[in-house]
Amino acid sequence: MSTPNGFPQHSGVCVTRSMEGGAVQDLHAKKAGKAAKKEAGDGGALTFEDAPSVGTSFNETLKLLPGELKANMKIKSITPRPPRKPRLERAASLDEKSWRKWRRFRTSQESLTDPNETSSSNGSLQEASLSPPVGARASPCHQWCQQNSLRGSLDASEASLLGKSRGSTSDLGKRASEISSAFGGLLRGKAFAGGKPRLSQVMPARPLPPVELNVASHPLRTANRIDSDCVDYRHYSQHKFGRVSSSLSDTRLHGNGMVYDSCSTDSMKSTFSLLTPIRSKDVRSRSYLEGSLLASGALLGAEELSRYFPDRNIGIFVATWNMQGQKELPVNLDDFLLPTDPDYAQDMYVIGVQEGCPDRREWEIRLQETLGPHYVMLYSAAHGVLYMSVFIRRDLIWFCSEVEYATVTTRIVSQIKTKGALGISFTFFGTSFLFITSHFTSGDSKVNERKLDYNKTIQALTLPKNVPDTNPYRSSSGDVTTRFDEVFWFGDFNFRLNKDRETVDSILNQNPETDVSKLLAYDQLTSEMSRGSIFKGFQEADIHFRPSYKFDIGKDSYDTTSKQRTPSYTDRVVFRSRYKDDIHAVKYSSCPVIKTSDHRPVFALFRVKVRPGRDNIPLAAGQFDRELYLIGIKRRITRELQKRREQKDQKSSSVCSIS
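The following block contains the structure:
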């Protein structure tokens with residue numbers, strides 16, 4: 000391989016230019032002897048008097064040079080230095096120009112005759128034009144390259160000439176003269192210094208970034224590099240929300256072999272979507288209609304659970320609302336189902352309604368329209384005017400068991416079932432859930448009747464039916480809430496405040512914000528739960544909202560009718576778990592913007608721990624209400640188009656008045 004100066008590349012000691020010019024020229028003349036005699040020919044070519052003896056005399060010269068050079072030259076190692084400032088230099092001499100011209104011509108001929116020996120003619124021209132003049136003052140980088148080329152020529156010239164002995168004597172002579180001329184030109188040092196200004200080599204303004212061995216190196220990855228604003232998304236979500244996004248876990252990607260050990264997971268995040276990646280073997284063999292008893296391929300097992308929920312916690316939205324039987328539904332349910340406080344929507348939505356609207360199907364369509372295409376209605380049930388709807392993320396329907404429901408009537412005399420309970424249960428992975436919505440007996444002083452409603456519900460609610468109990472050893476036949484891992488009970492419990500209206504109003508006026516601790520001191524449900532007479536084993540999150548009952552319809556004022564009912568916390572959400580700290584309440588609040596009823600909706604957000612299960616239970620097989628889904632999505636699209644049309648019409652119909 001040739002260096003930019005045309006010499007063979009070799010590793011060895013660098014020869015500096017600090018040698019004395021006269022001694023080196025004498026040495027060169029002594030060793031060359033009768034072998035070479037420079038003559039100026041056409042194109043600057045070099046000729047020899049005795050061509051047959053050129054090889055022998057030049058070989059002897061190269062053999063004797065290294066030993067004598069050590070005695071007449073300073074030898075030291077060269078370290079590359081940054082480029083110096085541009086200096087004014089004289090133009091190259093005629094000898095140098097002729098050598099360049101002859102070098103370009105000779106190299107182009109060699110490339111045409113022997114393509115394996117040299118590079119293309121275009122490359123040779125570029126090489127000759129970019130290389131600095133031999134012997135001219137250049138940057139330290141060029142000096143280093145020239146010295147390396149000289150160093151290599153001392154030991155490799157003989158082998159190069161011997162390897163080319165098959166060619167003609169004229170070719171051999173020309174090659175020897177080429178090396179001899181270039182060697183002499185290099186040793187002359189500053190012989191080619193001129194007055195023409197020449198610029199130094201262009202160097203980068205700052206050091207180039209190091210090339211990393213990482214296959215996902217940021218300097219190398221430019222087309223697929225993740226956005227810098229999203230690099231710390233995982234740490235940000237952990238710090239703020241306490242849970243990693245249920246898409247990809249860096250540790251799982253490394254552990255399962257999906258990412259090379261030294262590879263950055265940025266490449267995975269920029270390749271996969273936010274959904275969990277699906278393995279090819281699962282697509283080939285898995286049937287989501289039934290599970291597998293093998294631990295490795297279990298649909299509800301630990302491996303599958305960790306893929307979707309690395310921290311094994313899901314988000315659940317639970318809401319209750321007494322609609323007062325109103326036909327008119329709120330214009331917008333976004334503030335109710337999708338509060339702005341949490342940045343992310345939940346994995347599961349369970350909404351219970353008491354005294355529901357006459358058109359139950361319309362209510363469910365409105366729920367689907369609000370939640371959008373990411374959610375499907377897993378199940379819905381009704382008991383008179385008690386409604387319950389369960390929505391779940393669309394990609395999680397495969398991990399649910401069959402859904403079961405049961406009802407209890409607490410007021411037998413009434414033909415319309417306005418009081419009672421409705422329960423829905425199912426197993427998600429290996430954790431069983433029970434959701435109960437109730438409407439207890441009303442009346443300020445009917446606390447005992449409400450406790451009877453509770454006792455009747457836990458005894459008469461026949462759940463589960465076909466889905467096996469996850470822990471039968473901790474279950475009781477007399478209490479349905481003990482037969483499930485996680486239980487959420489919500490509804491219009493009708494427990495009131497044991498205080499007159501004037502006192503309650505004065506407390507509300509003194510604390511217009513969220514300090515309602517004085518009101519809770521008179522709450523009937525809080526008192527009964529502390530005694531253990533109702534909701535045994537249940538908990539309730541701290542209340543920081545105003546009483547949800549009773550309002551004037553369409554207004555923010557409490558009851559102004561002649562009855563002057565006392566504001567109370569009638570709408571509640573309580574929960575219990577078989578295992579300690581499985582349920583964590585994130586938020587507990589009401590929705591004051593919905594004013595179509597005398598009750599305000601109340602909702603709670605929970606983080607619930609989920610455990611892996613076994614595929615020995617009847618699965619839901621991905622069933623959901625497809626007809627409702629299509630209607631809700633069409634409504635959503637129509638609403639968006641109508642909104643855009645109204646905005647467009649408003650802009651086009653605006654009138655400008657000039658005063």
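Taking numbering that gives the first Met the number 0 as reference, the numbering of the sequence shown is continuous, increasing by one, and the terminal residue is 658.
Don't be surprised by glycine CBs; every beta carbon is placed ideally from N, CA and C.
**Prompt:** At what residues does the beta strand (DSSP E) containing S589 begin and finish?
**Reply:** Its beta strand (DSSP E) spans residues 582 to 589.
**Beta-carbon gap between V609 and V317 smaller than 9 Å** = For V609 and V317, no; Cβs fall outside 9 Å.
**Message:** Just to check my reading of the structure: D452 and S475 have Cβ atoms closer than 8 Å, yes? What is that Cβ distance to the nearest angstrom?
**Reply:** About 19 Å separates the two Cβ atoms, so there is no contact after all.
**Prompt:** How would you call G419, buried or exposed, if buried means at least 16 neighbouring beta carbons within 10 angstroms?
**Reply:** buried
**Message:** For P312, list the residues DSSP reports as bridge partners.
**Reply:** The sequence given here places Asn at residue 312; Pro does not occur at that position. In DSSP, N312 forms a bridge with K608.
**Request:** Taking only the alpha-carbon atoms, compute the straight-line gap between D491 and Q622 and give it to the nearest angstrom.
**Result:** 30 Å
**Asked** Do the stretch 466 to 485 and the stretch 573 to 590 make contact, defined as three or more Cβ pairs closer than 8 Å?
**Response** yes
**Prompt:** Whose C-beta lies closer than 6 Å to the C-beta of Q646 among residues of the same chain, with five residues either side of it excluded?
**Reply:** none
**Prompt:** So what does DSSP say about K163, is it helix, strand or coil?
**Reply:** Since pLDDT at K163 reaches only 42, below the 50 mark, its modelled position is unreliable, and the value read off the structure follows with that caveat. It is coil, neither helix nor strand.
**Prompt:** Who are the near neighbours of E354 in its chain, counting only those whose CB is closer than 6 Å to its CB and skipping five residues on each side?
**Reply:** Excluding sequence neighbours, E354 sits near N321, M322, Q323, G324, V384.
**Prompt:** Is R495 helix, strand or coil by DSSP?
**Reply:** coil
**Prompt:** How about the stretch 421 to 429 and the stretch 443 to 451: do they share at least three Cβ pairs that are nearer than 8 Å?
**Reply:** Counting C-beta pairs with one atom in each stretch, the stretch 421 to 429 and the stretch 443 to 451 have fewer than three that are closer than 8 Å, which means they do not touch.
**S588 versus T569 - alpha carbon distance** = 13 Å
**Asked** If you drop the 5 nearest sequence neighbours on each side, which residues of the same chain put their C-beta closer than 8 Å to that of D333?
**Response** T369
**Asked** What number of angstroms, rounded off, separates the C-alpha of P611 from the C-alpha of G300?
**Response** So the alpha carbons of these two residues sit roughly 5 Å apart.
**Request:** Report all residues from its chain with a CB closer than 6 Å to the CB of L336; omit the five preceding and five following residues, and keep chain order.
**Result:** T369
**Message:** Going by DSSP in three states, I552 sits in which element: helix, strand or coil?
**Reply:** coil
**Asked** So, E717 versus I582, is the Cβ gap smaller than 9 Å?
**Response** This structure leaves residue 717 out entirely; the chain is present only between 0 and 658.
**Request:** Below 8 Å on the Cβ atoms is my guess for V402 versus Y378; work out the distance and round it to an integer in Å.
**Result:** 4 Å
**Message:** Less than 9 Å between the beta carbons of V515 and F494, yes or no?
**Reply:** no
**Prompt:** From Y548 to S567, what does the alpha carbon distance come to, in whole angstroms?
**Reply:** Cα to Cα, Y548 sits roughly 5 Å from S567.
**D541 versus T409: straight-line alpha-carbon distance, rounded** = C-alpha separation (whole angstroms): 29 Å.
**Request:** With DSSP as the reference, label T669 as helix, strand or coil.
**Result:** Residue 669 lies beyond the residue range present for the chain, which begins at 0 and ends at 658; the question has no answer from this structure.
**Cβ shell of R360 (< 6 Å), same chain only, five flanking positions each side left out** = none
**Message:** I'd like the span of the beta strand (DSSP E) that includes Q353, first residue to last.
**Reply:** 347 to 353
**Message:** Since M376 and D624 should fall inside the 8 Å C-beta cutoff, what is the C-beta to C-beta distance between them, to a whole number of angstroms?
**Reply:** Contact between M376 and D624 holds: CB atoms are separated by about 5 Å, below the 8 Å threshold.
**Message:** Using only the alpha-carbon positions, how far apart do H598 and S651 sit?
**Reply:** One alpha carbon belongs to H598, the other to S651, and they sit about 41 Å apart.
**Item:** As assigned by DSSP and simplified to three states, the class of S532
**Value:** coil
**Prompt:** What do you get for Y307, buried or exposed, if any count of 16 or more other CB atoms within 10 angstroms of its CB means buried?
**Reply:** Y307 is buried by the Cβ-count criterion.
**Message:** Going by the DSSP bridge assignment, what does D478 pair with across the sheet?
**Reply:** S475
**Item:** Length-filtered (4 minimum) alpha helix (DSSP H) runs lying within the stretch 326 to 387
**Value:** Qualifying alpha helix (DSSP H) stretches, in chain order: 333 to 336, 359 to 370.
**Message:** Looking at P329: is its Cβ nearer than 9 Å to the Cβ of I593?
**Reply:** yes
**Message:** Taking the alpha-carbon of K562 as reference, which of R500, D504, F602, S532 has the nearest alpha-carbon?
**Reply:** R500
**Prompt:** Cα separation between F483 and I506?
**Reply:** 40 Å
**Request:** State buried or exposed for A663, treating a residue as buried only when at least 16 other CB atoms are found within 10 Å of its CB.
**Result:** Outside the shown range of the chain (0 to 658) lies residue 663, about which nothing can therefore be said.
**Message:** When you compare the CB positions of D478 and K416, do they come within less than 9 Å of one another, or not?
**Reply:** The Cβ atoms of D478 and K416 do not sit closer than 9 Å to each other.
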